[in-house]
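Heads up: the protein sequence lines correspond to chains A and B, in order.
Here the first sequence stands for residues 60 to 295, where the numbers follow this note's numbering.
Here the second sequence stands for residues 60 to 295, where the numbers follow this note's numbering.
Here a beta-carbon is modelled for each residue, glycine too, at the ideal position from N, C-alpha and C.
There are 2 protein chains.
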Amino acid sequence: MSVATQTEAVPEPRIPLSKERVLRAAVGIADEEGIEALTMRHLADELGAEAMSLYYHVANKEAILDGVVEAVIEEIEEAVGGYEVPTDLDDWKAALRERILLARNVMLRHPWAPGIIETRRTQSLAAVRYFEGLAGVLREGGFSYDLIHHAMHALGSRALGFSQELFEPDDPESSDEDATAMMEAMADQFPYIIAMLGEIAHDDPDSTLGWCDDQIEFEFGLDLILNGLEGHLEAS
Amino acid sequence: MSVATQTEAVPEPRIPLSKERVLRAAVGIADEEGIEALTMRHLADELGAEAMSLYYHVANKEAILDGVVEAVIEEIEEAVGGYEVPTDLDDWKAALRERILLARNVMLRHPWAPGIIETRRTQSLAAVRYFEGLAGVLREGGFSYDLIHHAMHALGSRALGFSQELFEPDDPESSDEDATAMMEAMADQFPYIIAMLGEIAHDDPDSTLGWCDDQIEFEFGLDLILNGLEGHLEAS
DNA sequence: ACCTGAACACCGTTCAAGT
DNA sequence: ACCTGAACACCGTTCAAGT
Numbered sequence: 060m061s062v063a064t065q066t067e068a069v070p071e072p073r074i075p076l077s078k079e080r081v082l083r084a085a086v087g088i089a090d091e092e093g094i095e096a097l098t099m100r101h102l103a104d105e106l107g108a109e110a111m112s113l114y115y116h117v118a119n120k121e122a123i124l125d126g127v128v129e130a131v132i133e134e135i136e137e138a139v140g141g142y143e144v145p146t147d148l149d150d151w152k153a154a155l156r157e158r159i160l161l162a163r164n165v166m167l168r169h170p171w172a173p174g175i176i177e178t179r180r181t182q183s184l185a186a187v188r189y190f191e192g193l194a195g196v197l198r199e200g201g202f203s204y205d206l207i208h209h210a211m212h213a214l215g216s217r218a219l220g221f222s223q224e225l226f227e228p229d230d231p232e233s234s235d236e237d238a239t240a241m242m243e244a245m246a247d248q249f250p251y252i253i254a255m256l257g258e259i260a261h262d263d264p265d266s267t268l269g270w271c272d273d274q275i276e277f278e279f280g281l282d283l284i285l286n287g288l289e290g291h292l293e294a295s
Numbered sequence: 060m061s062v063a064t065q066t067e068a069v070p071e072p073r074i075p076l077s078k079e080r081v082l083r084a085a086v087g088i089a090d091e092e093g094i095e096a097l098t099m100r101h102l103a104d105e106l107g108a109e110a111m112s113l114y115y116h117v118a119n120k121e122a123i124l125d126g127v128v129e130a131v132i133e134e135i136e137e138a139v140g141g142y143e144v145p146t147d148l149d150d151w152k153a154a155l156r157e158r159i160l161l162a163r164n165v166m167l168r169h170p171w172a173p174g175i176i177e178t179r180r181t182q183s184l185a186a187v188r189y190f191e192g193l194a195g196v197l198r199e200g201g202f203s204y205d206l207i208h209h210a211m212h213a214l215g216s217r218a219l220g221f222s223q224e225l226f227e228p229d230d231p232e233s234s235d236e237d238a239t240a241m242m243e244a245m246a247d248q249f250p251y252i253i254a255m256l257g258e259i260a261h262d263d264p265d266s267t268l269g270w271c272d273d274q275i276e277f278e279f280g281l282d283l284i285l286n287g288l289e290g291h292l293e294a295s
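Here it is, written out as structure tokens:
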């Protein structure tokens, strides 16, 4: 019957599925609805297909998670503009710092990515390429391979632009009054922590209690490591 | 009928469930069978009860995961022997280092714990107590609260004794020959990484290719941060 | 070659009901 | 007070069957 009506929307000519489309849609769902919304059924829905159809293009859900990590790290590669070691490298520290902060920008666009990167048992090719690039910068900066190896471990996830925040970033539910009340209640149990939080709040009255500028803290920790590595380099 | 036989085992007088028993059993399952084996049904089975009975003692599975993290951190508290700041503290760096390495020992007994600690949205009381202890050591060591705050962020998960290893620790499946073959295949694509791995293998022929001594690397990274903090302390 | 319906073996969880 | 059976709404996945 719908054929009769002139104004009827022509049904979208079905775009065939593909691994790329599946992965792109997966990243989209994670970005917009959170990683827990990424189920096979929901993903298929988003693509106008059935869950079972996905298995024709990917082995299983783990493969999707692998692919999604790969996609994010390729986004870093794009942001960095490729991993070629600059021929005129005169400051390995600045070069490394810049790459890592660019990686961080990508991670901030995909806040769910760190959590799933850490669950991968084996690193994607894209990640190996990224680390190869970092190793190149260090090597051309004068590092021994032994020190490069230590550097990779010391940086850990910071190399990819994130560090696991052990306390929750910030809770939009809780008010300043709540926080103040809680602080007073805990003051005798946790004097050092309370004093610390109090000082932070004093230094920066705009920040909610217990909330920290993650960017500044990330850079502080990163610089601590980079400077430490520089010390080792000079001593060698 | 079983009542008649003398040798019949008396049926275990049912020990009532409790939050503590549930959590202890949960830690046991995660230790022995891995965290993915920790399901409500399996946990109840282990306790000789039905899954639904657990809900009388804990709110839900999230609460069990919270409790299990709490238990692990209390194990750290025990290993450290309480978090009292030594009255004769003459070396904050050694004191902090020791606490963190003791925490690491506990984490090595519960290799699944880091992964689930990172999924907690809010820290347990036991964790706050632990960090209070670290803050105390730093404060009595002469740190400003501002620097203590930076230190906490810079340490990140290292404060609790673990760092996320981005490459898999080691794969018992793959042989040295496999690894050598793979290395040669990748040598032109990833010259720096291959050279790095080659040098490690050369320095320590006992280690499998690509495998690293996590303890040494953990301590290297930790010392980098502690020494960096010392620099900030002396400069202040 | 590509997609799907029906079905399976699992999850966590609710609720009314049992002792 | 403490535990459970039946049931629900979800998972990921297999497989034979459709076009």
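DSSP, reduced to helix, strand and coil, places Leu-106 of chain A outside both helices and strands of the structure shown, so it counts as coil.
Taking C-beta atoms as the reference points, Ser-295 of chain A and Leu-206 of chain A count as a pair closer than 8 Å.
Taking Phe-221 of chain A as reference, the option from A:Asp-273, A:Ile-284, A:Met-111 with the minimal CA-CA separation is A:Asp-273.
By the CB criterion at 8 Å, Arg-163 of chain A and Phe-277 of chain A fall inside the cutoff.
Here His-208 of chain A is near Ile-259 of chain B, since their CB atoms are less than 8 Å apart.
Of all residues in the stretch 180-197 of chain A, the ones placed with a Cβ closer than 7 Å to any Cβ belonging to chain B are Arg-180, Thr-181, Gln-182, Val-187, Phe-190, Glu-191, Ala-194, Gly-195, in chain order.
Against chain B, the CB of Ser-222 of chain A has a partner CB under 8 Å away; the residue lies at that interface. Judged by their CB atoms, Leu-161 of chain B and Val-131 of chain B are not nearer to each other than the 8 Å cut-off. Asp-149 of chain A has its alpha-carbon roughly 16 Å from the corresponding atom of Leu-288 of chain A. Annotated three-state conformation of Val-144 of chain B is coil, per DSSP. Within the stretch 154-172 of chain A, no residue has its Cβ closer than 9 Å to any Cβ of chain B. His-212 of chain B counts as buried, since at least 16 other C-beta atoms from the protein chains shown sit within 10 angstroms of its C-beta. Contact annotation: in the stretch 199-218 of chain A, residues whose CB is within less than 7 Å of a CB in chain B are Tyr-204, Asp-205, Ile-207, His-208, His-209, His-212, Ala-213, Gly-215, Ser-216. Spatial neighbours of Met-255 of chain B in its own chain (CB-CB distance under 8 Å, excluding positions within 5 residues in sequence) are not present. Residue environment for Met-111 of chain A: exposed (fewer than 16 other C-beta atoms within 10 angstroms of its C-beta). Residues of chain A with a Cβ closer than 7 Å to the Cβ of Leu-124 of chain B do not exist, since the nearest Cβ in that chain sits about 14 Å away.
With respect to chain A, the C-beta atom of Gly-287 of chain B has a partner C-beta closer than 8 Å. One thing to note: Arg-217 of chain A has its Cβ within 8 Å of the Cβ of Gly-280 of chain A. One Cα belongs to Glu-224 of chain A, the other to Val-128 of chain B, and the distance between them is close to 16 Å.
If you look at Phe-190 of chain A, you'll find it in the alpha helix (DSSP H) that goes 184-199. At a cut-off of 8 Å between C-beta atoms, Gly-280 of chain B counts as an interface residue with respect to chain A.
With respect to His-116 of chain A, Leu-76 of chain A sits close: the two C-beta atoms are nearer than 8 Å. Relative to Gln-248 of chain B, the option among A:Glu-95, A:Ala-122, A:Glu-177, A:Gly-195 whose CA is nearest is A:Gly-195.
Interface annotation, Ile-88 of chain B: not in contact with chain A, CB-CB separation never under 8 Å. Ile-88 of chain B and Leu-197 of chain A have their C-alpha atoms roughly 43 Å apart. Under the three-state reduction of DSSP output, Phe-202 of chain B falls in the coil class, being neither helix nor strand. Of all alpha-carbon atoms in B:Ala-172, B:Tyr-142, B:Glu-95, the one lying nearest the alpha-carbon of Gly-126 of chain B is that of B:Ala-172. Our two residues, Gly-107 of chain A and Glu-137 of chain A, have alpha carbons roughly 30 Å apart in a direct line. Between Ala-84 of chain B and Glu-105 of chain B, the beta carbon gap of about 5 Å places them in contact (Cβ cut-off 8 Å).
The residues Ala-85, Val-117, in chain order, have a CB closer than 6 Å to that of Ile-123 of chain B in the same chain once the five nearest residues on each side in sequence are set aside. DSSP, reduced to helix, strand and coil, places His-291 of chain A within a helical segment of the structure shown.
Selection A:Tyr-204, A:Tyr-189, A:Leu-193 evaluated against Gly-257 of chain B yields A:Tyr-204 as nearest (Cα-Cα).
For chain B, none of the residues of the stretch 120-146 of chain A brings a beta carbon within less than 8 Å of one of its beta carbons.
Distances from the CA of Ile-252 of chain A to each of B:Tyr-189, B:Asp-282, B:Gly-200, B:Pro-145 were compared; the closest alpha carbon is that of B:Tyr-189.
Under the Cβ distance rule, Leu-283 of chain A counts among the residues neighbouring chain B, one pair being separated by less than 8 Å. Under the three-state reduction of DSSP output, Arg-179 of chain B falls in the coil class, being neither helix nor strand.
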